[in-house]
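Using our numbering, you'd call the opening residue of the sequence shown number 1261 and step up by one each time.
Backbone N, C-alpha and C define an ideal beta-carbon position, used for all residues, glycine too.
Single-structure report; data block below.
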Amino acid sequence: MERALRSWKRIVERQGRPGIRQSFERGQGVTLSEELALISSIFVDTAPVIYYIEAHPQFGPLAKEAVTAFQSGTLNAFSSVITLTEVLPKPIEQGDEKLARKFAEFLKHGKNLTMIEISEGIAEAAGKLRGRYTFLKSIDAIQISAAIDAGAEAFLTNDRKLKQIEEIKVLLLAEYL
């Protein structure tokens, strides 16, 4: 954690963002918006999509910050067809076709959001990730591999165990509450 904090401070200083640097000096964390301002691309995992579309009372506002950042064009965003697979079952099971369409529309046609197809290369990389991180579920390994393959600088999720992944910067929504 200390190493990551030092690295983050160097990035902030290089980009000349004194307000954020002062937050560090006062011992305060940064906001999600400040974090997003330091990167140019992000992969959005399933949970933030659900929080945004369903306006989750706790995490919805944070998910909205990320969506606003990429829809405004200040950030390139990616997600994968796996996300679509994960968000549709519950609304379909509950007979909520309107919500299912809302999820599909957002993911397939969202402004500045690119859907990543799962290739053989992504699948192979996911298998290697699972070998390195034995706690990883296949679905998470595929998502992370898709993010890396797309060139995303960060992976937005709310899955705490994914913070252990070293191959990509993982942003955990719960850390910005």
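Proximity test, Cβ basis, 9 angstroms: residue i and chain C
| i | result |
| --- | --- |
| Ile-1310 | No chain C is present in this structure, which holds just one protein chain. |
Contact belief for residue i with residue j at Cβ below 8 angstroms, rounded distance in angstroms
| i | j | result |
| --- | --- | --- |
| Leu-1431 | Glu-1295 | 6 angstroms |
| Gln-1403 | Asp-1305 | 6 angstroms |
| Leu-1292 | Tyr-1393 | Incorrect: roughly 25 angstroms between the Cβ atoms, too far for contact. |
| Leu-1348 | Phe-1338 | Not a contact, Cβ separation roughly 19 angstroms. |
| Ile-1376 | Ser-1340 | 4 angstroms |
Element boundaries [alpha helix (DSSP H), containing residue i]
| i | result |
| --- | --- |
| Leu-1359 | 1357-1369 |
| Val-1430 | Per DSSP, Val-1430 belongs to no alpha helix (DSSP H); it is in the beta strand (DSSP E), 1429-1432. |
| Thr-1417 | Thr-1417 -> not in any alpha helix (DSSP H); beta strand (DSSP E) instead, spanning 1414-1417. |
| Ile-1310 | 1306-1313 |
| Val-1327 | 1320-1331 |
Euclidean distance between Cα positions of residue i and residue j
| i | j | result |
| --- | --- | --- |
| Glu-1413 | Ile-1302 | 6 angstroms |
| Ile-1310 | His-1316 | 8 angstroms |
| Ala-1406 | Phe-1366 | 19 angstroms |
| Phe-1330 | Gln-1354 | 30 angstroms |
| Ala-1307 | Ile-1408 | 18 angstroms |
| Asp-1400 | Lys-1429 | 14 angstroms |
| Glu-1314 | Gly-1320 | 7 angstroms |
| Leu-1373 | Glu-1325 | 14 angstroms |
| Asp-1419 | Ala-1323 | 14 angstroms |
| Gly-1370 | Ala-1297 | 20 angstroms |
| Gly-1289 | Lys-1388 | 33 angstroms |
| Leu-1422 | Arg-1361 | 29 angstroms |
| Ser-1332 | Ser-1379 | 29 angstroms |
| Thr-1343 | Ile-1382 | 15 angstroms |
| Ser-1398 | Glu-1384 | 11 angstroms |
| Leu-1359 | Gly-1411 | 30 angstroms |
Buried/exposed call for residue i, threshold 16 Cβ in 10 Å
| i | result |
| --- | --- |
| Asp-1356 | exposed |
| Ile-1352 | exposed |
| Ala-1434 | exposed |
| Phe-1415 | buried |
Residue i, enclosing beta strand (DSSP E) - first and last residue
| i | result |
| --- | --- |
| Ser-1339 | 1336-1340 |
Cβ-heavy atom distance, residue i to the ligand SAH, below 8 angstroms
| i | result |
| --- | --- |
| Glu-1380 | In terms of ligand content, the structure shown is empty, and the ligand SAH therefore cannot be addressed. |
Original post:
What are the start and end residues of each continuous beta strand (DSSP E) run of 3 or more residues lying completely inside the stretch 1368-1405, in chain order?
Top reply: If we require 3 residues or more, the beta strand (DSSP E) runs fully inside the stretch 1368-1405 come out as 1373-1376.
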